[in-house]
Each structure stands twice: as structure tokens, then as C-alpha cells.
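S.K.:
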Amino acid sequence: MDQIPTPEAHQAMLASLEKQVKRGQITQQVGDSESLLGTTSDTTHLLLVELSKLVSAIASANSLDDIKPTAQNCADLIGTIGEQVDAGALYFPYQQKGTEVVLSEIQSRAKGVSEILAP
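Listed below in C-alpha cells is the structure:
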């Protein structure tokens, strides 16, 4: 005889199914996991290079004028992203999920991975 799940277990199953449906929609409409990972990797590399340039310019600067050309190059490259977000024309998944949820996920996953890697 099958057991009837508790209301909590039923809600957990529904949440899991909803997550699977959303992931399926993302795969069909946006890109598979490998494509999304590639875009994330490209984003990270682009930001790492631009941050590295900006930090190097700051470290060697004698005045704000020394930093301005590097900062302007960075603004030219990625500045429109912030403008589009501010205008509501572009938004990111973390904004849809909510910052508190995302920060909690980041912390939880970082801690979990770190505990596995710890000697």
C-alpha cells in the first residue's frame, strides 16, 4: 500500500518538479547547461581581465587622471549593462530570484564545497 506524503513532503516534491520544469524551459529556450556554462565562463574572464586592468591602473596611479583612461575603457566595454538594468531593459536571474536567496545559495555552496576540499 502506498503511503500518503506529509504536506511538507508534498510541497517539497512540487518545488522539485517546478524546478525541473523551469530548467527544461531554460534548456529549450535559452541554452543547454554547457552553453550557459560557456557564457558564464566568458563573463567571468571578461570581468577578470577588466578588473585586473583597473586594479593595476589604480595601484600605479599618482592621480585620478592616471586612472581615468582605464576606467573609461571599462565603462565603454561594460557600462551599458548597468544602464540597461537601470532602465529595466535587462535583468539578471539573481534579480528574479532575489538577492537574499542568491547570497544564501552562494554561501551554502561555498561552504559545502570548502568542507569537502578541506583536509
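The numbers in numbering that gives the first Met the number 0 rise by one with no breaks, and the one at position 88 of the sequence shown is 87. Think of the CB as a built atom: it goes at the ideal place given N, C-alpha and C, for glycine as much as any other residue.
1. Beta-carbon separation of THR69 and ALA58 under 8 Å?
2. Between TYR93 and VAL101, how many whole angstroms is the CB-CB distance? I'm expecting something under 8 Å.
3. Between VAL84 and chain B, is the shortest Cβ-Cβ distance under 8 Å, so that the two count as touching?
4. Report the rounded CA-to-CA distance for GLU104 versus SER32, giving the unit in angstroms.
5. Does SER62 come out as helix, strand or coil in the three-state DSSP assignment?
6. Check whether the region 25-42 and the region 9-17 touch, using three or more Cβ-Cβ pairs below 8 Å as the test.
7. Can ILE77 and GLU49 be called in contact, C-beta distance under 8 Å?
8. Looking at LEU47 and CYS73, is the spacing between their C-beta atoms short of 8 Å?
9. Roughly how many angstroms separate the alpha carbons of LEU36 and ILE25, rounded to a whole number?
M.R.: In terms of the structure at hand:
1. no
2. 4 Å
3. The question asks about chain B, but that chain is absent: this structure has only one protein chain.
4. 18 Å
5. coil
6. no
7. yes
8. no
9. 13 Å
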